[in-house]
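The opening position of the sequence shown corresponds to residue 501 in this note's numbering, with each subsequent residue numbered one higher.
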Amino acid sequence: MNPFFSILSRSALSLFLLTNSAHADIQLGKYGKVYSGSDGVRVEVVDLDSTTQKQKLVRISGTDSEIDDVTLLHDEVPDGKGNALQTVVHDDLFWTIRSQDFRWGGKEIVLTLPEDFRKKYNLYFDEKETKALDKSTILSKYRDQLKSGAVRKVQLYMGDDWKAHTKRTLKEAVDSAKERCGAPLGTRLDWDSMKATVTKTIPVASWCRLPADLLTNWCNSESKTKSKASKLTGLTCTAGSAQNLSLDSSKRLLWTIPSSSEYVDVAKLSQQLKTLLK
């Protein structure tokens, strides 16, 4: 787990990676920026046209990182007095860029990489490079890397302790929801449904945790939702041909992630969860 994440910031992810915006209907937003750093580090950030969340494509270059030159979809979330850009690396959330406003004025922008999250690369806005930035090239590269599997290689967790990693990541999300909602939530994974092909094609932990992340967000901001969510007893995640969320007689959420799909329809999941909580 990346220790940069607080309980709230981890649950605040608006689930960029898992929506259909990763497909051909993705649209560029109005702005794009280039940041430069020492030793040739370069970061290109392009806004996406989204009415539901602040999403951006980010390409980092000039480093020896595994995410170097891999265009990744990021989500912008609040971080103290600044903002952070989050993505998924090895089936867990990771901050790549953080900006922090100083009380006396000015702003600090830093880059972190998965290989050593304690090391910070200071960035500065590069006006000249920003003016020359071709946003469409960034989008084209993202689409190409989706097809080639370069994005998936970064997102998936392929360690020998895959089960332990998946269980730990899901439990962290459920424990966060448990704390925020005051619910006696238990965690369960249907390992029999998680065949080898599933573990190699989708970020299981990131998808399984989605209902818990939604609950944490809602319980943190909506008292009515917190009251209803407090009656839930647990979350079971299984893999199936199509996504679905239901509630059993013991008030346990039964969440089926789509093993044959490239994304989760988060809007559908959100609506199902709200309906079940009525």
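A virtual CB, placed ideally from N, CA and C, is assigned to each residue, including glycine.
Looking at the DSSP output, residue 680 sits in no beta bridge, so it has no partner there.
For residue 668, the closest C-alpha among the options 684, 689, 653 is that of 689. Following the DSSP letters along the chain, one finds residue 595 inside the beta strand (DSSP E) bounded by residues 593-601. DSSP, reduced to helix, strand and coil, places residue 529 within a strand of the structure shown. With contacts defined by Cβ atoms closer than 8 Å, residue 541 and residue 532 do not form a contacting pair. Within 10 angstroms of the beta-carbon of residue 678 lie 16 or more other beta-carbons, which makes it buried. Around residue 625, the same chain offers 533, 535 as residues with beta carbons nearer than 7 Å, after the five sequence neighbours per side are excluded. Between residue 600 and residue 593, the beta carbon gap of about 19 Å keeps them out of contact (Cβ cut-off 8 Å). For residue 718, the enclosing alpha helix (DSSP H) begins and ends at 710-721.
Residue 624 sits in a strand when the DSSP states are folded into three classes. Residue nearest to residue 648 within the set 662, 571, 579, 685 is 571 (criterion: CA-CA distance).
For the pair residue 554 and residue 575, the CB atoms are nearer than the 8 Å cut-off. By the Cβ neighbour-count rule, residue 711 is buried, with 16 or more other Cβ atoms within 10 Å of its own. Linking residue 578 to residue 630 through their CA atoms gives a straight-line distance of about 24 Å.
Judged by their CB atoms, residue 655 and residue 703 are nearer to each other than the 8 Å cut-off. The DSSP-derived three-state label of residue 665 is helix. In chain order, 571 place their CB closer than 6 Å to the CB of residue 641, counting only its own chain and leaving out the 5 sequence neighbours on each side. Taking the Cα of residue 732 as reference, the smallest distance to any Cα among 573, 598, 537, 682 is reached at 682. For residue 613, the enclosing beta strand (DSSP E) stretches over residues 607-613.
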